[in-house]
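Chains as they are written, first to last, in the numbering used here: chain R, 1 to 463; chain Z, 1001 to 1463; chain Y, 2001 to 2463; chain E, 3001 to 3463. As structure tokens, the structure follows; a few thoughts come after it.
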């Protein structure tokens, strides 16, 4: 092969290697995304750093990353050792330098990305291969080890089962603070929080557990004020920021909360913020020691699969790709908001005014017959919700009063509405990262048809 | 395309579909393994049952299994929703019938496989997408919720960090029972266990936490006798069976322990028993209710990746393939044992007599210079261990006295040896599932050379 | 798994199966493209129709589609039998109903797609797993078998080596007709063609071999007039339409040529028109019998790889996707044309006026120093071309007089320029299917810089 | 990540790179096969040498290796440019240094492998991305260009359609030499060959076209004696060695033929000798110039897919892997021979004595009712053959007299039997490379059952 062409190829190779070297040295999200071919090359290089891929390696331990199925081996890029070590999920494995490096890089890229979303002061983060609920439980267990005599968690109500369960699983006692109605919005009752702290005694409280991302008409908790309270009373503060990285509304609350008050950790899901399959959560904070403690609390090694997904995805996006996704989402929220408002008006309904929630929207269902809101068979979806799902719309929630739900020892009235007595039934829809204009258009068409059909049905039944 | 050929193809298709139908109906490990092409077809069919793969689906929820990277999507067979639901890791997801079915099938195949290994009475099991340590922690948290006032765990010493840490993470207080020396074997001190139970009071004890698979010269705990004690005192009993499914010695202890005494759950890793990448553990037991409680204790959904790996692998092996792996392993243990014994004798050492441990072996290092056993730099590996690792031998452990290790509040003397004062230093090697004859041969050659080199080195230094 | 979700999944499955059924029945390019997951499922289904994937198949023939490497098997979706049969590349293989069906579907989709590009009267086509040159040779061999005593081919000059060589390989004698200069355009000298036919005698002529797609300033041959001549003299007419499907200029010439005259076959590459890797060509025509004869002329079976690529790609595009690619290309040609014109003017050059060529453009290089146009070392690229290639611009050609090239017995003056004496040197660039706006922008920037650099260099050298 | 582990990883990396370097420098089949991970890495490196994978590359040519479908791109390891150049299939592409290197390496490894099979004196070979028949046609076209006035090909009869058609396609006139019966074997009639040469005149003969691998009871042609004749008369000699590399019987004939006589090229299929999907053939010879001429005869570039398959497969096998396959095949031939003989005797039939054919075997069918041998419907398979195919046995041929077949202008009597009047009907089966013992066992069982069934059926019909 002639030398001039090889020279060009070798220039290209050098430019690629310098990109990789830069990544390894700087450990920052690259400005522009990597091509899939470059990512695959990098994954190969990492895999070949693990002992199971050494030529001539023999294994006489109890775990040698032997993989039986070629399909399985392939899907893990031939990485088999997982991440972490007995001692610590963030520790390095002697047998697996490649897997260890990958896990560290994934954490480093995540840290950079979290800062990019607006939480500039973030000091450290760790990706846990467990979804948000279990990760919250681990954070709470870490806190409990620091405050062995405390038992309560102050928790402004949010009707999402796994975050409530995370407290039960960790053996804590949640103290539910009901929300206040402010216009159409459900918001944090700060006075009740402070009263409860005084009543129980700060030392008996493991932490305040607040929430940013949630379904309208609930809006993000008043995280800044809660942070100030926590600082005042020296109580730890954990923020459930499940899908909040995609909204500057949420990230600014956390950044500001830390600036003026206390936030020990904020936890978010990888799938909801980074468009990867379900499986991981990121625990981040403003103090490296606490994040290290959480990592050390995880006993033993763990699946490297969520780290692979996040690593590949962030490299593929690059900073510019991720920013574009965030900007597109914001634009789609406005577009969805206008559309729902328009469709709603046509059917005599109105978009609830929940401006503080910048991810999800709610449309009143005041004129809709009760039957549409009745739960339809198993799993408690409503007739209206089912009809939309049958029309290939996923993700809407139809919330009507009447459901009670008992989790652990606590019984919630009107579960699903974040409130004991919200004034009207409603339907929610979100503009989450990755949503496309054509999805919004199709949704609006199907929503319109479904509402119309319900009205006709109701008219017939009323004849 | 001519009809006779199509007819033959369609016969083949029917025979394939009947294989799949049988799998879905019987939910048993098939006798013969499936080909990769059949497995891929099945994975495709499952993926297309999830809403993110419905043609024309629009998503307006906060989690719609959108996957940014084609590389990532592909490696998950386009499954994105993970497994489980807010309430329960074993629950069905409305949006993800395929993922849910896959998770259920993986559990069903695992149950069948566990019975096949000899624990015939197993009633239920659940695959958790967390490695053994964290899974043990979850089991302990579930037990704590049933015994809220208890705080101690009786734990016969085994020097493996993550299982000790699982107890700390769960907020329990481990009571360490030192082992007895019986010939070369380190075994359970039953009298001390019983004395400790009486001393602390059965009601204050969360559980007895015993271990089967471990490194020689420690042998599996006397699980049967411990089970009898637990039954007598009405104390829960958890068995850490990390890589014990591969040895009938371990599985028979558990089956028999349940028959005559009490075992609430036994926990094992998927990677070590089923040749998949690190990432999952199976919690199994003889009482479906307790296993369901463990599943419900996990808050929220989770990665489906370990379920995919196990599902694909078990289908690929079939019962006959798995049995062959188990039989091969047993044969290789004998072969390795003979070989180490022979190499050892050549160098004036002997294979320790640890017959009750049917997975790992230990070779005395009595004639080896101290220097070989000194820890070499970071990570506390010995010179001898390092030299073997440099020769591409992974998995041996060189155990010499002198290491202290503090985990939580407990300090262990001679950490790594399961004992405060084992009579001699030694090197361990295991014949784990998947090991090949050629690996054993190569290991023995490298061991021989390394021991010889150390002796020469020592001779030179002594001149 | 609950029945309502399974029902929804099974609705989705039915809608998928009806899409596939429709494809198999109608054998038309679907309006909307298929998702990759659907395509993979279809490929799996096809693969499982081949005997090598039948469960329990045993093979005692000399060719049983055993594939050694899992990597290789995977990349062919486990298809191994190739396409065709000893007798005929379009024949069905008894052992391989799936491969055979795939090959037939690929041809059917291609036929539909060719019609869509504007050659509505196309009656049949066959995908050959050989690139355009060798496929042209096969067509010529088929024609020779019909006209055993003829030996000449009338060929308006086009400086592209493989099409000239196809005639030599087939054992024919090409009669080169030099082009006419019409304004900036090089076009067919019809009078010379007719004179040559009379001189040689129609019966001694195997065919007229014309060309549509070519590099400016040559424009597509006057195919319609040539077709009329061929009809008049009863001479076969073959059109080399290498990358012409992407331009309605080319496709309309062929459609119209057939309407008023004679065209026996037109041949195009799959990579250049359908964005697949190099490897296939499509021979199409207005008479099924002749196309069948070409297929039968191919002795034996052949690689199925180009059929797989085309099949997957056309399904992935759908009619709407392909139309969009064609429309985008057209738009990009205008954009590129404006840009080159602007950059050219800046440097004292002008875009040649070659409107009849709707794929490629030429920029005069009259003011550029000779040195830039000198061939630079091996492979005869010019300094200017090399400099652009080094700047990661591929595909431009810098054409300057002076190169002689002998192929077979024929020597071409000023090879590369389609002419013995084109008035000026020039640089060509094409807007081929798939080109993006950002590519055009980057190209224009690099072209500008490179031209500037050459002028500076020239100025320095002239000092 | 700690330095000692990284050092080990980097040792492993160096050892890998030295393996690759050695491959590139020596261009020999490695002794031991490469792991799939190493092969993938190498493919990645090669792909990244092609311009379409250069970071920031812009393409303004007519062919830029843009690939629309991610599925398609992936299956070609992101290589898109194919192999070869307008001028020559073995030429280097400026845009595609990686693809070009891959094609060269594939040829180099093939050359080494052909020598390893016993044809030690092979001087050069070229992999053509066309199956054997079309590759033979290209070789004949190359020969014709050297002997423009010759028109005949002397061809000892072998009833395989594509090799006969290759001569027709190339525009040659085959002279069929009927075989001699020698015991049970059909063998070359040397006297007739020599007589025919004299009759037609050596200068009018393009070549002698002999065959090695074939179905029993035909045996390999007397290649050595034919080679001597060709040398004597200065006639080119082409050997169709379709699947003969797997048998030393065939390879030694070719090596010896070249030593004492004349062989210009021998052609073999890649799928049948190297366990890759159908799609390529290797033209090899003892004179580099002639092989280069064949490569140059191919007009234009071509699919790189067969080169990828062969390259990956040979690397995966290594010399030791390929030798093992050859040895296993030989053993299986003996095993199959014994088995067929045994099953045949049970049913009153005998294994024909065709020792010179070391790949395939024939069992007489003298006692089988005529009906079993009648052709059953379309595609001319017999009832017996169909019944075996329905029982998932592929590859047997049931040969009975009575079929006439006309190809081109030649009509063959008793087509399929290589002879106008073979004494008895028979069934053939081959032990081709890759066949397993379990396949042979299953085949023998099914054969036994099928023969028994036919006898019962015949008995019933005779009642």
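All residues carry an ideal CB built from backbone N, CA and C; glycine is no exception.
DSSP links residue 3059 of chain E through a beta bridge to Y:2394. Residue pairing from DSSP places residue 1361 of chain Z in a beta bridge opposite Z:1429. For residue 3038 of chain E, the closest C-alpha among the options E:3061, E:3012, E:3063, E:3122 is that of E:3012. By the Cβ criterion, the segment 60–69 of chain R is in contact with the segment 1426–1437 of chain Z, since at least three pairs of Cβ atoms, one from each stretch, lie closer than 8 Å.
Residue pairing from DSSP places residue 2211 of chain Y in a beta bridge opposite Y:2240. Residues of chain Z whose Cβ lies closer than 8 Å to the Cβ of residue 2053 of chain Y are, in chain order, 1012, 1035, 1037.
In chain order, 1211, 1214, 1218, 1418 place their CB closer than 7 Å to the CB of residue 1158 of chain Z, counting only its own chain and leaving out the 5 sequence neighbours on each side. Per DSSP, reduced to three states, the secondary structure at residue 3389 of chain E is helical. Contacts with chain R at 7 Å (Cβ-Cβ) include residue 3005 of chain E. Spanning the alpha carbons of residue 2035 of chain Y and residue 1024 of chain Z requires a straight line of approximately 26 Å. Relative to the Cα of residue 2360 of chain Y, the nearest Cα in the group Y:2396, Y:2349, Y:2366 belongs to Y:2396.
Taking 9 Å as the Cβ-Cβ cut-off, the segment 156–174 of chain R approaches chain Z at 160, 161, 162, 163, 164, 165, 166, 167, 168, 169, 170, 171, given in chain order. The beta carbon of residue 1226 of chain Z sits closer than 6 Å to the beta carbons of 1208, 1210 from its chain, once the five residues preceding and following it are set aside; these are given in chain order.
Using a CB distance below 7 Å, the part of the segment 3062–3083 of chain E facing chain Z consists of 3070, ordered along the chain.
Here DSSP, grouped into helix, strand and coil, assigns residue 1174 of chain Z to strand.
Scanning chain R for C-beta atoms nearer than 8 Å to the C-beta of residue 1302 of chain Z yields 130, 131, 134, 278, 279, reported in chain order.
Cβ contact annotation for residue 3451 of chain E (same chain, cutoff 6 Å, sequence separation greater than five): 3347, in chain order.
For residue 2268 of chain Y, the three-state secondary structure derived from DSSP is strand.
For residue 3462 of chain E, the enclosing alpha helix (DSSP H) covers residues 3437–3462. Here the segment 3163–3178 of chain E lies against the segment 3189–3207 of chain E, with 3 or more beta-carbon pairs under 8 Å apart. No Cβ of chain E is located within less than 7 Å of the beta carbon of residue 2292 of chain Y.
Look at residue 1328 of chain Z: its C-beta is not under 7 Å from any C-beta on chain R. Your pair residue 1086 of chain Z and residue 161 of chain R checks out as a contact, with CB atoms roughly 4 Å apart and the cut at 8 Å. Taking a Cβ-Cβ cut-off of 9 Å, the neighbours of residue 8 of chain R in chain Y comprise 2389, 2390, 2392, given in sequence order.
For residue 3185 of chain E, there is no enclosing alpha helix (DSSP H); the enclosing beta strand (DSSP E) has its first and last residue at 3185–3187.
For a Cβ distance threshold of 7 Å, residue set 55 of chain R lies close to residue 3015 of chain E, ordered along the chain.
Residue pairing of residue 1285 of chain Z in beta bridges, as defined by DSSP: Z:1124. With respect to residue 1270 of chain Z, residue 1119 of chain Z sits apart: the two C-beta atoms are not nearer than 7 Å. Comparing alpha carbon positions, the residue from E:3366, E:3245, E:3195 closest to residue 3115 of chain E is E:3245.
Counted as a single uninterrupted DSSP element, the stretch harbouring residue 3053 of chain E is not any beta strand (DSSP E), since DSSP gives it neither H nor E.
The segment 1313–1329 of chain Z and the segment 1385–1399 of chain Z do not touch, with fewer than three beta-carbon pairs separated by less than 8 Å. When DSSP states are grouped into helix, strand and coil, residue 2114 of chain Y belongs to the helix group.
DSSP places residue 3406 of chain E in the strand class (E or B) of the three-state scheme.
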